Each structure stands twice: as structure tokens, then as C-alpha cells.
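Okay, structure first, notes after.
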Amino acid sequence: MARKKIIAGNWKMNMTPSEAVELVNTLKPLVANDEVDVVFCVPAIDIIPVMEAAKGSNIQVGAENMYFEEKGAYTGEISPAMLTDVGVKYVILGHSERREYFGETNEDINKKMHKAFEHGITPIMCCGETLTQREQGVTMDFIRQQVKVGFLGITAEQAKTAVIAYEPIWAIGTGKTATTEQAQEVCADIRKCIAEIYDEATAEAIRIQYGGSVNAGTAADLFAQADIDGGLVGGAALKPDFGKIVNYK
Ligand code: PEP
45 MARKKIIAGN WKMNMTPSEA VELVNTLKPL VANDEVDVVF CVPAIDIIPV
95 MEAAKGSNIQ VGAENMYFEE KGAYTGEISP AMLTDVGVKY VILGHSERRE
145 YFGETNEDIN KKMHKAFEHG ITPIMCCGET LTQREQGVTM DFIRQQVKVG
195 FLGITAEQAK TAVIAYEPIW AIGTGKTATT EQAQEVCADI RKCIAEIYDE
245 ATAEAIRIQY GGSVNAGTAA DLFAQADIDG GLVGGAALKP DFGKIVNYK
């Protein structure tokens, strides 16, 4: 069965709640496309107003992060139940900015993956290499480690519903998109890695996005690749251009 594309925006630390509502109202008619899953991953404080503003549209709302404990003395964190209580269906886990600035490890991300599945939230698990790693030829060694540890103890049935975002760090927010060949090559290798951990059926089912400076001009070629099932979009998700990315065909 063909995999449904999933095109997600990662708003990062942008948009106050009132700006968020304005942006959703602008984007709502532009992203109306039921052929793909459209997800807006927004700052925690924007989740409820964005849900309200997106009501009746095809926009699904996701979080940008989540903690791996149920509740308690973890000042500043957001629990999975807080997200599901307001209807959140997706969560970005292990974004390279969280790994780099907040010290998240593959092991932390694995704990978060378990919690997400336990609560019925679909994880969008990010992976990707630095420029140095690419130049040293260790891109896939590094990504395989991220994927293997990230999915440790996750069942095949769960993995089939997960989303992996391949995001080369050198392409995030830099305006440097990986070439379609580079992006397809790594996404295909990630699928192979999933087949090795699980089986062919799981590898065929899991959705793998490309992320890193995707824009209205590059989306169509990227998303036409056999192993690229959509995109995780940062900067361009905050602009009307996101409508063109969602309607890339
Ligand atoms: C991201 O943050 O996930 C991302 C891909 O950002 P950008 O599209 O701005 O490179």
C-alpha cells in the first residue's frame, strides 16, 4: 500500500499565541489538501489556540518536544498526558537543536519514544549528520546508531506507525538543501536499517521525511523520491509558501 505523505511544520521558538492564531488563519485555506497529512508542530503555549483556530480544517497539531515521565517534579517540562488531553497526535522527538542545545541523547529520545507510543502519540523522530560526519564518510554509521538506539524496545507494530525525519544538520536553517539524490540515498538507507531491525513489512510501512531548508522550489523533486514520504519544514512553515509545499504536485 502506498504510504501517505506527511508534511509537518516545525515552528521552533517562533510565534506568540496571538501571532500563531493569525498564521493559522492565513495558512488554513492554503494547506487544504486531504491527500497528505498536514501537521503543525508548535510551541507548547500555542497548542491550544492553534487547535481552536484549526478546528474544521485538515490541520493536525503536534508538539515540538515532550518529557518521558508521567508527572512530578520536572519543572518546565510537558508530559504526554498534557498533550493527549488537548488532542495532540504528533510529537517531534530528538530534533538536532534539542540534541545540540539541550543535551538530549539517543537514550533520552528512546525513553520519549516509548512514552509517546504508550500514550498513542505518533513520534516524528529526527536524525541526521553534521557536515564533518558527511565529509568523513560516516553519515550512515551515525544515523544507524541514532535509529537503532531510538527504536530500542519499540515493537514492529509501533514502528510501522512512526515517522522518521532525516535532517542533515548542515541543511537546517542554512538555505542549503541536500540534493534530491543525497536525501533519497540516506532515506533509503534508513529504510534498510528499519528492515534489519524489524522486517520488510515494517520498513515498507514506516514514513520517512526529509527536512533541511525545504522550500516551495525544492519540495516537488524531494517528495517524488521513492523513499521520501514528505517533509519536516522549519522556516518555510511560517510563511504562505507552506501552502505551496503542501500542494507540491
Ligand atoms: C527543522 O527545523 O526541522 C528544519 C528543517 O528547518 P529549516 O526548514 O528551516 O531548515
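Residue numbers (the numbering used here): 45 to 293.
Heads up, the beta-carbon is just placed ideally off N, CA and C, and yes, glycines get one too.
Nothing here was measured: the structure is a model prediction, and the numbers come from that model.
Check: Ranges of the beta strand (DSSP E) found wholly within the stretch 61 to 144, counting only runs of at least 3; Outcome: 81 to 86, 103 to 107 and 134 to 137
Check: Exposed unless 16 or more other CB atoms sit within 10 angstroms - verdict on Ser257; Outcome: buried
Check: Secondary structure of Gln253, DSSP reduced to three states; Outcome: strand
Check: For Leu266, three-class secondary structure by DSSP; Outcome: helix
Check: Glu211: CB within 7 Å of a non-hydrogen atom of the ligand PEP; Outcome: yes
Check: Val277 - partner residues in DSSP beta bridges; Outcome: Gly53
Check: Distance between Arg251 and Glu240 (C-alpha atoms, nearest Å); Outcome: 16 Å
Check: Chain-order list of residues whose beta-carbon lies under 6 Å from that of Phe161 (same chain, five-residue window excluded); Outcome: Gln202
Check: Ala107 Cβ short of 7 Å to the ligand PEP heavy atom set; Outcome: no
Check: Same chain only: Cβ atoms within 8 Å of Lys192, ignoring 5 sequence neighbours per side; Outcome: Cys237 and Ile241
Check: Closest by C-alpha distance to His163, when choosing among Ile136, Arg142, Leu137 and Glu114; Outcome: Glu114
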